[in-house]
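First up is the structure itself, then whatever we jot down about it.
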Amino acid sequence: MSYNVNEKGYYGEFGGAYIPEMLYPNVEELRQNYLKITAEPEFQAEFDALLKDYAGRPTPLYFAKRLSQQYNTKVYLKREDLCHTGAHKINNTIGQILLAKRLGKTRIIAETGAGQHGVATATVCALMGLECIVYMGEIDIKRQAPNVARMKMLGAEVRPALSGSRTLKDATNEAIRDWINNPVDTYYIIGSVVGPHPYPDMVARFQSVISKEIKEQLLEKEGRENPDYVIACVGGGSNAAGAYYHFLDESSVNIIAVEAAGLGVDSGESAATSVLGKIGVIHGSKTLLMQSVDGQITEPYSISAGLDYPGVGPMHAHLFASKRAQFISITDQQAMDWGLKLSKMEGLIPAIESAHAFAVLDEMKFKPEDIVVINLSGRGDKDLNTYIDYFKL
887 MSYNVNEKGY YGEFGGAYIP EMLYPNVEEL RQNYLKITAE PEFQAEFDAL LKDYAGRPTP
947 LYFAKRLSQQ YNTKVYLKRE DLCHTGAHKI NNTIGQILLA KRLGKTRIIA ETGAGQHGVA
1007 TATVCALMGL ECIVYMGEID IKRQAPNVAR MKMLGAEVRP ALSGSRTLKD ATNEAIRDWI
1067 NNPVDTYYII GSVVGPHPYP DMVARFQSVI SKEIKEQLLE KEGRENPDYV IACVGGGSNA
1127 AGAYYHFLDE SSVNIIAVEA AGLGVDSGES AATSVLGKIG VIHGSKTLLM QSVDGQITEP
1187 YSISAGLDYP GVGPMHAHLF ASKRAQFISI TDQQAMDWGL KLSKMEGLIP AIESAHAFAV
1247 LDEMKFKPED IVVINLSGRG DKDLNTYIDY FKL
């Protein structure tokens, strides 16, 4: 079985491009050109140079000594928190901005939840001198104030999404509306492995530098390229797609996807799409989606602004349906406790999204000789207010 996208844009039964007619030219232009452009030696050279000299790659693969001792296994952390802007998001925005320039686009739009993708988009727009508009849910604007300030400093306009739950889903709706109204000069940088084909594949390819480096770094440290487990948090799922990419067809590598259970999977306040979702279409892609009996999208909930998306990328939906990946749901409390625990045990304050992935150490039993790689996808600066309020720090 293939776990990568097929030529029609599907992962198994998930994916595709379910889009309004107005968007067809934009998406088709992208689909026809993205593989050709990204394969050009000149593009590759520019992309690699920016990843190295601007984003600060390769990021270290760090052996977490104290965690390894406590859990009696070998725990390595992929340090995406050390990327410029504080998360893995920059890998993808560098790739897409280079693509947008080659397609002759002058105006960039993006959606953001936790604000990390918005910051990463504003960053590359400043770097390239392009206009940048970021759509963000009104609630997320309040809970991610430092990232809003960063976007504004970088010259981006932050537009609030005032409809629906006023979070990531609604910001995405607003960005798509903008794109429909400005099809000629505008390029939409999607921040996760969601949306119509070719976005899920394209974002996964740009993020695949994560698993490429893991292989090289493990070979150097452990004498073998493949870990026993790769663990990552999944909202839309770009950090996870990047961490899994080069291991998808390696059956010896166990893939663990960690979703936000919020206040509990059955609480009505959750974002555990694999448990609660049914097949549906959201933002141009057929995938697993949290919805009511009559097909209305239900509001997800998570304490982390980056994981409260009602769907999941089609690659992840396929990994779940095919049982290639094991999905585990982690509550707000478990994630927050791990945010504090990782800070105190390893001197690393994780993004709340990333903290969810660490809770797997309490949920599963690993062997002493296992190599467990956890993707530390972002740092916790943006979440300090949430940590302060939660723990009364």
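No gaps in the numbering here: position 157 of the sequence shown is 1043 in this note's numbering, and each next residue is one more.
Note that beta-carbon positions come from the ideal geometry of N, C-alpha and C, so glycine has one too.
None of the values given here were measured: they were computed from a predicted structure.
In the three-state reduction of the DSSP assignment, Asn1261 falls in the strand class. Between the region 1090-1106 and the region 1154-1167, the count of C-beta pairs closer than 8 Å stays below three; the two stretches do not touch. Between Gly1150 and Ile1238, the alpha-carbon positions lie close to 16 Å from each other. In the structure shown, the three-state DSSP call for Gly1121 is coil. Taking 4 residues as the minimum length, the alpha helix (DSSP H) runs contained wholly in the region 896-935 are 910-925, in order along the chain. A residue is called buried once 16 or more other Cβ atoms fall within 10 Å of its Cβ, and Thr992, having fewer, is exposed. For Leu963 against Leu1162, the beta-carbon gap comes to about 29 Å, at or over 8 Å, which does not count as contact. Per the coordinates, the alpha-carbon of Ser954 lies some 41 Å from the alpha-carbon of Pro927. If you draw a straight line from the Cα of Gly1170 to the Cα of Lys1251, it is about 38 Å long. Between Leu1205 and Ala1146, the beta carbon gap of about 17 Å keeps them out of contact (Cβ cut-off 8 Å). Considering only Val1044, Tyr1131, His1003, Gly895, the residue with the shortest C-alpha distance to Val1095 is Tyr1131.
In the structure shown, Asn977 falls within a helical segment according to DSSP collapsed to helix, strand and coil. Annotated three-state conformation of Gly1128 is helix, per DSSP.
Shown here for Leu1247: same chain residues with a beta carbon closer than 6 Å to its own, the five before and five after excluded, namely Tyr957 in chain order. When C-alpha distances from Asn1140 are compared across Arg988, Arg1029, Val1259, the shortest belongs to Val1259. Bridge pairing for Arg988: absent [DSSP]. Between Asn1033 and Gly1001 the beta-carbon gap is near 3 Å, inside 8 Å, which marks them as a contact. Residue ranges of uninterrupted alpha helix (DSSP H) with 4 or more members, entirely inside the region 1203-1272 and ordered along the chain, are 1218-1232, 1238-1244, 1246-1249. With respect to Leu1193, Cys1119 sits close: the two C-beta atoms are nearer than 8 Å.
The alpha-carbon separation between Lys960 and Met887 amounts to approximately 30 Å. As a beta-bridge residue in DSSP terms, Thr998 pairs with Met1022. Put simply, the region 897-906 touches the region 1071-1087. At least three CB pairs are less than 8 Å apart.
In this structure, DSSP gives Gly1166 an extended state, which the three-state scheme calls strand.
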